[in-house]
Amino acid sequence: MDKNFYITTPIYYPSAKPHMGHAYSSIIADFFARFKRIDGFNVHFLTGTDEHGLKIQRAAEKSNIDTLKFCDEISQTFRDLSKILNLTNTDFIRTTEKRHKESVQYLWKELEKSGDIYLSKYSGWYSVSDEAFYNKDEIEEKNGVKFSIISKSQVEWMDEESFFFKLSKWEKPLLKFYEDNPNFIQPENRRNEVISFVKGGLKDLSISRKSFSWGIKVPNSDNHVIYVWLDALTNYISALNYPNLDDGLFKKFWPASIHLIGKDILRFHAVYWPAFLLAAKIELPKTVYGHGWILSGDEKMSKSKGNILDPLEIVNEYGLDPLRYYLIKEVSFGNDGNISQERLEDCINSDLANNYGNLCQRTVSFAIKNCDQKIPQKINFNDEDIKVLDEYTKNIDYIRSKIDEHNINHYIDFIVTALFTANKYFNDQEPWNKKDDQLRLNTIVYTTLEIIRKISFLLYPVIPETSLKALKIFDIVEKEINFSSISNHEFLKKGSKINSVGILFRKINKKND
Ligand code: MSP
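Residue numbers (our numbering): 39 to 551.
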């Protein structure tokens, strides 16, 4: 079985500071990376910044800073954000790095060798904000200004000599690939959108620009720079040192298990990228998942719309794990979602503080008082204990399949139900009324502690910091977290000391309470 897992986020434009949409892509990717790691996979998790093109050049000019220096500064804020969001990325790539530039130029030569590149002239509409070309029928005019109907961003006329990629040649092979690999584009509705777009006919793609210089030079034609999307997409393999196969990184991790992206950049990932790879005879990634947007009001957040929600502000006010929990649970994965402070506070108060935090605290304090501060040694499970514990054993394949189907919401629903069941079990068993039956009392405590251990393992990909804090009860450290052990009912070391646990989540006094 393939035990390697390679997950990528989009590489972010360092044209402005990170916002909640960026944080969302990264947190979801981290969730998958962490789950796969505790399920025994070697995980490579890549993120980074996309630094070339006119959009960045203009942003730097506007700030009156040297372009590379401008990129250095903002790229660093994305690197810092990775730390703040507690991401476990194993690499961070910048497209201005040498390793990346060499890789892109190599890929260009491969495309040239396969006869997929020719020189011509591009005349048409271009959006600098999206770094994308639009057809006439994708443009609308408002007050004399032209916009893309799709992204609503402004377009400008472009008229220059350009190298082209023979995208049209790959129309049929792409459609065949989509048909043979139904999981390639997810979720399903986006797959259908892409298929109908390709069926509508693919035109050759302009892949170089002559009118500015902030980019990677076209080999042997250095008055052209390579189109920023061809440059950027290559990051997924340049980070594996393509075409150098010596260090084994490419062999081990390519094809990527999943490119996680926002729905707005699906066309680039599900049409252009696989076409480039087919032309260069490189295997195609297994899945491209286009998630929805985090909306601010009813609109996608963006700098140009001035409705940016700052992830740092939320983290400062509520803490990171509540934000991670909220984004993973409350946004229906694949669809758009709103950040609502009200719902975030509800999540903290009910799921995190009441259901999880409280369960840990009261079980541990009870065990400290009534079981000599030790994990009970003598136990004897009855049918009711086995029934709650077996829920985990029975569902191990179900949970794994939810991850493989990218059904994050069902994963979290399982945890929410498990927390409810755990609290109910402890209440119904009334260990406080069993003080004259130490064996029964011990068994109830052991069972509940086992459940806390299992739930904390399941919560590790979602709220890693708090899960680790809770696992300190048992002196369990990060590298001991192992998903398949949730089916073991006697994982906890009997007789070992129980550590008390502080408050895991503080309840929020809601303004309207
Ligand atoms: N640089 C390109 C990606 C190149 S990948 C080879 C890019 N950068 S971006 O910074 O504009 O956006 C990066 C990602 O953030 C995209 O997946 C985009 O969908 C996502 N988001 C940007 N705003 C978003 C929201 N408001 N909500 C959720 N994600 C959104 O595109």
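Beta carbons are placed, not taken as given, at the ideal position from N, Cα and C, and that holds for glycine. Keep in mind the model is a prediction, meaning the values are calculated, not measured.
Three-way DSSP call (helix, strand, coil) for residue i in this model
| i | result |
| --- | --- |
| Arg72 | helix |
| Leu347 | coil |
| Leu157 | strand |
| Gln224 | strand |
| Ala61 | helix |
| Asp129 | strand |
| Arg247 | strand |
| Ile296 | strand |
| Ala67 | helix |
| Pro257 | coil |
| Thr325 | coil |
| Gln192 | strand |
| Leu149 | helix |
| Trp311 | helix |
Pairwise C-alpha distance: residue j and residue i
| i | j | result |
| --- | --- | --- |
| Glu368 | Thr504 | 19 Å |
| Gly357 | Asn547 | 15 Å |
| Ile417 | Ser403 | 19 Å |
| Val142 | Leu268 | 8 Å |
| Glu99 | Thr105 | 7 Å |
| Ile187 | Trp195 | 16 Å |
| Ile76 | Phe70 | 10 Å |
| Ile296 | Tyr44 | 7 Å |
| Lys528 | His90 | Reading off the sequence, residue 528 comes out as Glu, not Lys. Using only the alpha carbons, I get a separation of about 54 Å. |
| Ser534 | Ile493 | 20 Å |
| Gln411 | Ile65 | 37 Å |
| Lys271 | Asn261 | It should be noted that the sequence gives Leu, not Lys, for residue 271. Looking at the two C-alpha atoms, the distance is approximately 22 Å. |
| Leu479 | Ala508 | 22 Å |
| Cys109 | Lys545 | 40 Å |
| Asn279 | Arg137 | 7 Å |
| His567 | Ile519 | Outside the displayed range of the chain (39 to 551) lies residue 567, so it cannot be described from this structure. |
Contacting residues, own chain, Cβ-Cβ under 8 Å from residue i (five flanking each side not counted)
| i | result |
| --- | --- |
| Ser189 | Ser165, Ser167, Asp168, Ala170, Asp302 |
| Ser152 | Ala317, Ala318, Lys319 |
| Leu304 | Ile223, Arg228, Glu231, Val232, Val326, Gly328 |
| Asn102 | none |
Residue i classed as buried or exposed, judged by whether at least 16 other C-beta atoms fall within 10 angstroms
| i | result |
| --- | --- |
| Thr455 | exposed |
| Lys74 | buried |
| Val81 | buried |
| Asn273 | buried |
| Lys41 | exposed |
| Glu488 | buried |
| Leu283 | exposed |
| Ile541 | exposed |
| Pro220 | exposed |
Heavy atom of the ligand MSP within 6 Å of residue i beta-carbon
| i | result |
| --- | --- |
| Ser63 | yes |
| Ile299 | yes |
| Leu271 | yes |
| Ile303 | yes |
| Tyr51 | yes |
| Trp252 | no |
| Gly328 | no |
| Asp348 | no |
| His60 | yes |
| Asp68 | no |
| Pro469 | no |
Residues near residue i by beta carbon distance below 7 Å, same chain, minus five either side
| i | result |
| --- | --- |
| Pro211 | Leu316 |
| Pro257 | Gln143, Trp146, Lys147 |
| Thr126 | Asp68, Ala71, Arg72, Phe83 |
| Lys93 | Tyr51, Ser53, Val166, Ser167, Glu169 |
| Ile406 | Ile536, Ser538 |
Same chain only: Cβ atoms within 6 Å of residue i, ignoring 5 sequence neighbours per side
| i | result |
| --- | --- |
| Pro281 | Tyr144 |
| Gln467 | Ile482 |
| Thr87 | Ile49, Tyr50, Pro52, Ser113, Phe116, Arg132 |
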